[in-house]
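Here's the structure, in structure tokens; my notes come after.
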Ligand SMILES: Nc1ncnc2c1ncn2[C@@H]1O[C@H](COP(=O)(O)OP(=O)(O)OP(=O)(O)O)[C@@H](O)[C@H]1O
Ligand SMILES: [Mg+2]
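Residue numbers (this note's numbering), protein chains in the order written: chain A, 1 to 171; chain B, 1001 to 1346.
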């Protein structure tokens, strides 16, 4: 996935890579990402990885950490495509699995959210890559085996780099 | 009272006429599945445009099949939640236009409640209350306790994937066509349902929640081997015959749905069990719930298959309860993406 140039200089801080031993660790990473967000009040989190990699699982922790929903209230958004959790900031949980391309992002009215209006957590980002902002945090989850996942987090853009740096300070 | 029902909450453009909530005169379902098969899912933009194109025909067809005209209609019921708002809006606009032009009462209906109310059109007769209802579809997997036809108390729901979603995703893993429900069901014929050792997950707590994401992931590992290296793409050929994977997966889903539903019936002390939603069209689920339910002493009410998948007859029934009680919605009726939130209780 490539970042689109929006005229500004791109900065990319070092990526972090870690192993998540069990679903609990995936939820904890979501909570930590929420804790590392402030002082920012918006951001775009692209969650890639195959079926069952743990994208939705991570958003359970993110929603809890942001204080917008309990983990049990975060279910797969595949059917609805977009689920909103109001708060400050609000969390918009998007799943592009059943979308056909970037136009659907506009059709679903997500441009404002992606432009800094909310925290957006997006599953299957590669399907709508062209509609994504240049500044975004990419969380790539991958199957290791049935009891563990590997995750690689990389930042594109200044705001996301700062978000990733704050995550590093938490650890 | 003759009610015109309209539902555009997802793929299908539907219209139906039902008398007094029990007699279905017509139910038109203009399917977009063919269109969407090419894309492997629902395309929102296309869904909305097709609804706009299909509605005048669907409503005229429903009236004509019922042998009535708009002069005979006493009220209009339309799904206004939950679903894709852009799609819901089309049906709601059509319903408002008719209600306004004909000066008819209009009521909004919850799509999930309507799936439960489809049971009023079951051949064996309407359910008696109180009862327990399982609504199981591509977007929902929820258990309710219904003290009366219009009160739904949520007992539990899926914490991750809906059962129908699991069917769709496993179908895609196996290279079977969309929608996954019917394609898994036919692929499973002749397969060995005990070939794969799959989990019957039961979420922690004493409620009646479901979880299917672990099952989805277990199918991936059992069917494709344990060597899912980072970056490995599913979509390779399974190491187990597809029929065995499909049969084992289907059995795992049906086992969990039947068991939890009967547990909920026992817990609430009801004598009747109702099922609705697209996955309720699955033959294994219908047969297993009917036999296991009967063996445990419950009367199990199962709507005909075509009233389990999305349709407007169930919406006309659901709306009839509100209309008969004198309830009305204004022409400012809104659409909502999510169901009415109810807190689960055990
Ligand atoms: N670190 C981990 N180690 C092992 N299992 C995990 C880990 N994280 C999550 N899981 C499990 O893997 C499954 C992930 O399912 P989930 O629905 O979250 O995946 P997803 O990436 O959102 O899939 P989809 O592509 O269908 O949206 C769940 O059963 C979860 O419990
Ligand atoms: Mg997911």
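We treat Cβ as the ideally placed atom computed from N, Cα and C, and that holds for glycine.
If you follow the alpha helix (DSSP H) that residue i is in, where does it begin and where does it stop?
i                       : result
residue 1116 of chain B : 1111-1117
residue 1098 of chain B : 1085-1102
residue 30 of chain A   : 23-37
residue 85 of chain A   : Note, residue 85 of chain A: premise wrong, no alpha helix (DSSP H); beta strand (DSSP E) at 82-85.
residue 1267 of chain B : 1242-1268
residue 949 of chain B  : Given a span of 1001 to 1346 for chain B in the structure shown, any question on residue 949 of chain B remains unanswerable.
residue 1283 of chain B : 1283-1295
residue 1182 of chain B : 1180-1188
residue 105 of chain A  : 103-107
residue 64 of chain A   : 55-66
residue 40 of chain A   : Note, residue 40 of chain A: premise wrong, no alpha helix (DSSP H); not H, not E.
residue 1322 of chain B : 1313-1324
residue 1162 of chain B : Here residue 1162 of chain B belongs to no alpha helix (DSSP H), and DSSP marks it neither H nor E.
Closer than 8 Å by beta-carbon distance: list the chain D residues that pair up with residue i, in chain order.
i                       : result
residue 1138 of chain B : Judged by its chain identifiers, the structure shown contains no chain D, and its protein chains are A and B.
Since I believe residue j is in contact with residue i (beta carbons under 8 Å), could you give me their beta-carbon distance rounded to a whole number of angstroms?
i                       : j                       : result
residue 1009 of chain B : residue 1124 of chain B : 27 Å between Cβ atoms; not a contact.
residue 128 of chain A  : residue 93 of chain A   : About 14 Å; that fails the 8 Å criterion.
residue 1104 of chain B : residue 1328 of chain B : Wrong, their Cβ atoms sit about 10 Å apart, outside the cutoff.
residue 1278 of chain B : residue 1138 of chain B : 6 Å
residue 176 of chain A  : residue 62 of chain A   : Nothing in the structure corresponds to residue 176 of chain A, since chain A is present only between 1 and 171.
residue 1238 of chain B : residue 1218 of chain B : Going by Cβ atoms, the distance from residue 1238 of chain B to residue 1218 of chain B rounds to 13 Å, so no, they are not a contact pair.
residue 1198 of chain B : residue 1215 of chain B : 6 Å
residue 1058 of chain B : residue 1014 of chain B : 7 Å
residue 1007 of chain B : residue 1310 of chain B : 6 Å
residue 71 of chain A   : residue 102 of chain A  : Not a contact, Cβ separation roughly 30 Å.
residue 110 of chain A  : residue 82 of chain A   : 7 Å
residue 1200 of chain B : residue 1255 of chain B : 6 Å
residue 66 of chain A   : residue 87 of chain A   : 6 Å
residue 1246 of chain B : residue 1184 of chain B : 5 Å
Is the separation between the beta-carbon of residue i and that of residue j shorter than 8 Å?
i                       : j                       : result
residue 1004 of chain B : residue 1098 of chain B : yes
residue 1261 of chain B : residue 1307 of chain B : no
residue 137 of chain A  : residue 149 of chain A  : no
residue 1027 of chain B : residue 1312 of chain B : yes
residue 1001 of chain B : residue 1075 of chain B : yes
residue 20 of chain A   : residue 151 of chain A  : yes
residue 1133 of chain B : residue 1317 of chain B : no
residue 23 of chain A   : residue 57 of chain A   : yes
residue 1210 of chain B : residue 1157 of chain B : yes
residue 1337 of chain B : residue 80 of chain A   : yes
residue 164 of chain A  : residue 35 of chain A   : no
residue 1110 of chain B : residue 1320 of chain B : no
residue 1121 of chain B : residue 1062 of chain B : no
residue 1286 of chain B : residue 1302 of chain B : yes
residue 1131 of chain B : residue 1315 of chain B : no
residue 1273 of chain B : residue 1300 of chain B : yes
Could you tell me if residue i is buried or exposed, where buried requires 16 or more neighbouring beta carbons within 10 angstroms of its beta carbon?
i                       : result
residue 1332 of chain B : exposed
residue 1231 of chain B : Residue confidence for residue 1231 of chain B is low, a pLDDT of 46 falling below 50, so the modelled location carries little weight and cannot support an answer.
residue 78 of chain A   : buried
residue 1147 of chain B : exposed
residue 4 of chain A    : With a pLDDT of only 37 at residue 4 of chain A, under 50, the local geometry of the prediction cannot be trusted, and the value read off the model is given with reservation. With fewer than 16 other Cβ atoms within 10 Å, it is exposed.
residue 106 of chain A  : exposed
residue 1 of chain A    : With a pLDDT of only 35 at residue 1 of chain A, under 50, the local geometry of the prediction cannot be trusted, and the value read off the model is given with reservation. Per the 10 Å Cβ criterion, exposed.
residue 1071 of chain B : exposed
residue 17 of chain A   : exposed
residue 1011 of chain B : buried
residue 1186 of chain B : exposed
residue 1248 of chain B : buried
residue 1400 of chain B : No information on residue 1400 of chain B is available, as it lies outside the stretch 1001 to 1346 that chain B covers here.
residue 1206 of chain B : exposed
residue 39 of chain A   : exposed
residue 1204 of chain B : exposed
residue 1295 of chain B : exposed
residue 1280 of chain B : buried
residue 1165 of chain B : buried
For the beta strand (DSSP E) that residue i lies in, which residues bound it at each end?
i                       : result
residue 143 of chain A  : 136-145
residue 165 of chain A  : No beta strand (DSSP E) holds residue 165 of chain A; the alpha helix (DSSP H) holding it covers 158-170.
residue 95 of chain A   : 91-95
residue 48 of chain A   : 43-48
residue 1075 of chain B : 1075-1081
residue 1133 of chain B : 1131-1136
residue 1151 of chain B : 1151-1157
residue 1140 of chain B : Per DSSP, residue 1140 of chain B belongs to no beta strand (DSSP E) and is neither H nor E.
residue 20 of chain A   : 16-20
residue 1275 of chain B : 1272-1276
What residue ranges within the region 1007-1037 of chain B form continuous beta strand (DSSP E) runs of no fewer than 3 residues, ordered along the chain? 1013-1019 and 1023-1030
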